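A short write-up of the structure that comes next.
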Amino acid sequence: MIPSCFPGIVRFDIAYEVELAGVTQYTDFSPVPQELFDHEKMILTSETLDEGKKIKFSVRGVDAVESYAQDTMIVMVDLSPPVVENLWITKGDILNLSVHNVQELYELT
1274 MIPSCFPGIV RFDIAYEVEL AGVTQYTDFS PVPQELFDHE KMILTSETLD
1324 EGKKIKFSVR GVDAVESYAQ DTMIVMVDLS PPVVENLWIT KGDILNLSVH
1374 NVQELYELT
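Under our numbering, the letters of the sequence shown match residues 1274 to 1382, in that order.
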C-alpha cells in the first residue's frame, strides 16, 4: 500500500555518509523497510550521537519505472548545552524586563 502523500512513489532508498574526526564512512543506498515506509518514517539505529559528528543523508523517492528524485540533508551533532544569559522580555508597554539567570526566570510571573 502506497501512502497517499507520496503518489507514484513505490519505495524510498536511503544512503548516508558519516564524518567524525576527519574519517568518513559511506553506506550504499538501500530501501527503507516496508513497515517504516507505510508509516512514513525512517529509524536509524546504527549510529551514535557523538560530539562533532556530521551525517549527510541522501534520500531517493523511486517510482514504478525506477525513475527517482533525490534530496540530501546534513545533520551536525552538537551536544553542548545552550547557555542563556541576559534575556530581555517585553510585554505591552513594559519594555526590557531583564532576566540574568535561570533562577530569576523561574521566579518571573
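The C-beta atom is built at its ideal place from N, Cα and C for all residues, glycine as well.
Computed from a predicted model, the values in this text were never measured in an experiment.
In chain order, which beta strand (DSSP E) runs of at least 3 residues are fully inside the region 1299-1340?
1327-1336
Classify residue 1296: buried if its beta carbon has 16 or more other beta carbons within 10 angstroms, exposed otherwise.
That one is exposed.
The beta strand (DSSP E) with residue 1399 in it runs from where to where?
It is not possible to answer for residue 1399, since the shown part of the chain is limited to 1274 through 1382.
Pick from 1287, 1352, 1281 and 1340: whose alpha carbon is nearest that of residue 1304?
1287
Indicate the three-state DSSP secondary structure (helix, strand or coil) for residue 1288 in the structure shown.
strand
Distance check for residue 1340 and residue 1326, CA to CA, integer angstroms please.
32 Å
Check the C-beta distance from residue 1289 over to residue 1331 and give it rounded, since I have them as a contact under 8 Å.
7 Å
According to the Cβ coordinates, are residue 1335 and residue 1283 closer than 8 Å?
Yes, Cβ-Cβ distance for residue 1335 and residue 1283 is below 8 Å.
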